[in-house]
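**Q** First residue of the sequence shown: 2, per the working numbering; consecutive thereafter.
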Amino acid sequence: MLIRQILPDLFLIRLDQPNLSGFSNFIGSWLYKGKSTLLVDCGPASTTDALVGAIKSLGVKKPDALLLTHIHLDHAGGAGDFVKKMGNMPVVCHEKGISHLAEPSRLWEGSVKTLRETALAYGPMTPLDAALLKDAQAFAEFGVEAIPTPGHAPHHVSYKVDDILFAGEAAGVCLNLPDDGFYLRPATPPRFFMETSLKSLEKILDTPHKILCYGHFGATLDGKKRAGAHKGQLLAWLETIKKARDQCAKDKKEPLPACLDRLLESDPFLAAFGKMPLAVRAREKFFLENSIRGFLEYLESRA
Numbered sequence: 002m003l004i005r006q007i008l009p010d011l012f013l014i015r016l017d018q019p020n021l022s023g024f025s026n027f028i029g030s031w032l033y034k035g036k037s038t039l040l041v042d043c044g045p046a047s048t049t050d051a052l053v054g055a056i057k058s059l060g061v062k063k064p065d066a067l068l069l070t071h072i073h074l075d076h077a078g079g080a081g082d083f084v085k086k087m088g089n090m091p092v093v094c095h096e097k098g099i100s101h102l103a104e105p106s107r108l109w110e111g112s113v114k115t116l117r118e119t120a121l122a123y124g125p126m127t128p129l130d131a132a133l134l135k136d137a138q139a140f141a142e143f144g145v146e147a148i149p150t151p152g153h154a155p156h157h158v159s160y161k162v163d164d165i166l167f168a169g170e171a172a173g174v175c176l177n178l179p180d181d182g183f184y185l186r187p188a189t190p191p192r193f194f195m196e197t198s199l200k201s202l203e204k205i206l207d208t209p210h211k212i213l214c215y216g217h218f219g220a221t222l223d224g225k226k227r228a229g230a231h232k233g234q235l236l237a238w239l240e241t242i243k244k245a246r247d248q249c250a251k252d253k254k255e256p257l258p259a260c261l262d263r264l265l266e267s268d269p270f271l272a273a274f275g276k277m278p279l280a281v282r283a284r285e286k287f288f289l290e291n292s293i294r295g296f297l298e299y300l301e302s303r304a
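#1: Sorted by chain position, which residues of the same chain lie with C-beta nearer than 6 Å to residue 77's C-beta, five sequence neighbours on each side aside?
#2: Assuming residue 205 is part of the alpha helix (DSSP H), what are its boundary residues?
#3: For residue 170, report the span of its beta strand (DSSP E) as first-last.
#4: Does any C-beta atom of chain D lie closer than 7 Å to the C-beta of residue 277?
#5: Taking 6 Å as the line, does the beta carbon of residue 123 fall inside it for any heavy atom of the ligand ADP?
#6: Can you grab the Cα-Cα spacing for the pair residue 298 / residue 163, in whole Å?
#7: Determine whether the beta carbon atoms of residue 67 and residue 90 lie at a separation below 7 Å.
#8: Given residue 123, which residues of its chain have a CB within under 7 Å of its CB, disregarding the five upstream and five downstream residues?
#9: Mark residue 106 as exposed unless 16 or more other C-beta atoms lie within 10 angstroms of its C-beta, in which case mark it buried.
#10: Quick check: residue 174 and residue 210, are their CB atoms within less than 7 Å of each other?
#11: Is DSSP giving residue 161 helix, strand or coil here?
#12: Am I right that residue 147 and residue 128 are in contact with their C-beta atoms under 8 Å? What's the rounded C-beta distance?
#13: Here's the rule I'm using: 16 or more other beta-carbon atoms within 10 Å means buried, otherwise exposed. How should residue 198 be labelled?
#14: So, residue 84 versus residue 134, is the Cβ gap smaller than 7 Å?
#15: Along the chain, where does the alpha helix (DSSP H) containing residue 256 start, and where does it finish?
#16: Taking the alpha-carbon positions, what's the residue 64 to residue 37 distance?
#17: According to DSSP, is residue 287 part of a helix, a strand, or is it coil?
#18: Out of 221, 212 and 208, state which residue places its alpha-carbon closest to the alpha-carbon of residue 181.
#19: Just list the residues that DSSP pairs residue 292 with in beta bridges.
#20: Near residue 161, which residues of its chain fall below 7 Å by C-beta distance, leaving aside the five closest residues on each side in sequence?
#21: Indicate the three-state DSSP secondary structure (helix, strand or coil) for residue 93 in the structure shown.
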């Protein structure tokens with residue numbers, strides 16, 4: 002189903018990418034129908050029509066606000082098109098993201114350079130009217146509490162509404178498995194700063210909530226436990242990647258493949274990787290390698 006009801010007033014809208022193999026059950030948008038109707042992240046431009054249709058099928062003419070955890074294409078790329086189709090509403094993001102959403106050409110060029118064909122499949126961004134863009138930390142409407150959680154991106158914001166915590170990618174990427182287990186990995190592309198990510202995770206752990214909603218993908222009632230597990234995972238990755246990098250330096254080998262092999266062998270939260278369909282495994286391999294690059298660059302900067 003395109004729409005998954007998580008709570009009586011909380012819906013996860015799947016945004017499966019039509020032009021990308023392996024991108025089902027990976028990108029989503031959260032619709033919360035509380036005292037106000039709020040949409041958290043809107044996905045890329047490629048699935049804006051599907052998102053609008055899903056929201057209208059739930060009896061919503063227009064959300065009261067669009068809350069963006071960060072401005073990467075898979076979370077905010079369709080914001081301009083979405084507002085054009087649904088009507089003006091406050092679009093809330095980190096203050097550093099406002100200028101890029103009003104004039105997205107540099108963001109689009111950088112995304113294409115980094116993501117290549119994936120960015121092209123997501124589709125280009127439509128500019129937003131600057132008057133609609135609101136600084137998250139100054140936004141105090143609809144019971145929204147913005148929590149700056151830099152790490153995955155310097156402009157990352159999590160949001161608490163009632164007893165729901167929308168964490169974006171601040172607590173990693175967590176995919177629920179059919180056997181009630183989960184697959185968990187860091188989302189640490191360059192430039193990555195370990196201390197910053199750990200501080201953001203502490204904010205997640207310190208924020209009272211009953212349900213934790215991920216940007217990728219789904220939700221858990223065990224938010225504190227999973228966020229704690231992710232903190233341990235980051236520390237373990239740092240140690241594993243440092244050892245692999247140092248050994249590769251002695252052997253005069255490229256460190257990235259060795260790092261990936263060691264992590265897949267040692268990290269229990271990656272155990273499901275080998276059982277994934279080939280297309281999903283290819284997607285995850287791309288993002289795992291990009292996260293490893295973040296760690297390698299961080300270690301290089303410390304040296």
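A virtual CB, placed ideally from N, CA and C, is assigned to each residue, including glycine.
The structure displayed is predicted, hence computed values, not measured ones.
**A** Once the coordinates are examined:
#1: Walking along the sequence shown from the start, residue 77 turns up at place 76. The residues are 69.
#2: Position 204 of the sequence shown holds residue 205. Note, residue 205: alpha helix (DSSP H), 195-207.
#3: Counted from its first residue, the sequence shown places residue 170 at position 169. Unbroken run through residue 170: none, as it is neither H nor E.
#4: Among the protein chains of the structure shown there is no chain D, as only one such chain exists.
#5: In terms of ligand content, the structure shown is empty, and the ligand ADP therefore cannot be addressed.
#6: Position 297 of the sequence shown holds residue 298. Position 162 of the sequence shown holds residue 163. Computed Cα separation, rounded: 38 Å.
#7: Translated into the one-based positions of the sequence shown, residue 67 becomes position 66. Translated into the one-based positions of the sequence shown, residue 90 becomes position 89. Closer than 7 Å, so yes.
#8: Against the sequence shown, residue 123 aligns to sequence position 122. Closer than 7 Å at the Cβ level, and outside the excluded window around residue 123, lie 45, 46, 47, 74, 75 and 78.
#9: Residue numbering aside, residue 106 sits at position 105 when the sequence shown is read from its first letter. Counting Cβ neighbours within 10 Å, residue 106 comes out exposed, since fewer than 16 surround it.
#10: Counting from 1 along the sequence shown, the entry for residue 174 is found at position 173. Counting from 1 along the sequence shown, the entry for residue 210 is found at position 209. No, these two residues do not count as a Cβ contact at 7 Å.
#11: Stepping through the sequence shown from its first residue, residue 161 is reached at position 160. Here residue 161 sits in strand by DSSP.
#12: Here the question's residue 147 lines up with position 146 in the sequence shown. Here the question's residue 128 lines up with position 127 in the sequence shown. Between residue 128 and residue 147 the Cβ distance is about 23 Å, and since that is not below 8 Å, they are no contact.
#13: Counting from 1 along the sequence shown, the entry for residue 198 is found at position 197. Counting Cβ neighbours within 10 Å, residue 198 comes out buried, since at least 16 surround it.
#14: As a position in the sequence shown, residue 84 is number 83, starting the count at 1. As a position in the sequence shown, residue 134 is number 133, starting the count at 1. Contact flag unset, no.
#15: Within the sequence shown, numbered from 1, the residue matching residue 256 stands at position 255. It spans 256-267 - the alpha helix (DSSP H) in which residue 256 sits, taken as one unbroken run.
#16: Residue numbering aside, residue 64 sits at position 63 when the sequence shown is read from its first letter. Residue numbering aside, residue 37 sits at position 36 when the sequence shown is read from its first letter. Whole-angstrom Cα-Cα distance: 8 Å.
#17: Position 286 of the sequence shown, counting from 1, holds the residue named residue 287. Note: residue 287 maps to helix in three-state DSSP.
#18: In the sequence shown, residue 181 corresponds to position 180, counting from 1. With distances taken between Cα atoms, residue 181 lies closest to 221.
#19: Indexing the sequence shown from 1 puts residue 292 at position 291. According to DSSP, which records beta bridges pairwise, residue 292 is partnered with nothing at all.
#20: Taking the sequence shown and counting its residues from 1, the one referred to as residue 161 is at position 160. Cβ within range, chain order: 146, 148, 208 and 210.
#21: Counting from 1 along the sequence shown, the entry for residue 93 is found at position 92. Residue state, collapsed to three classes: strand.
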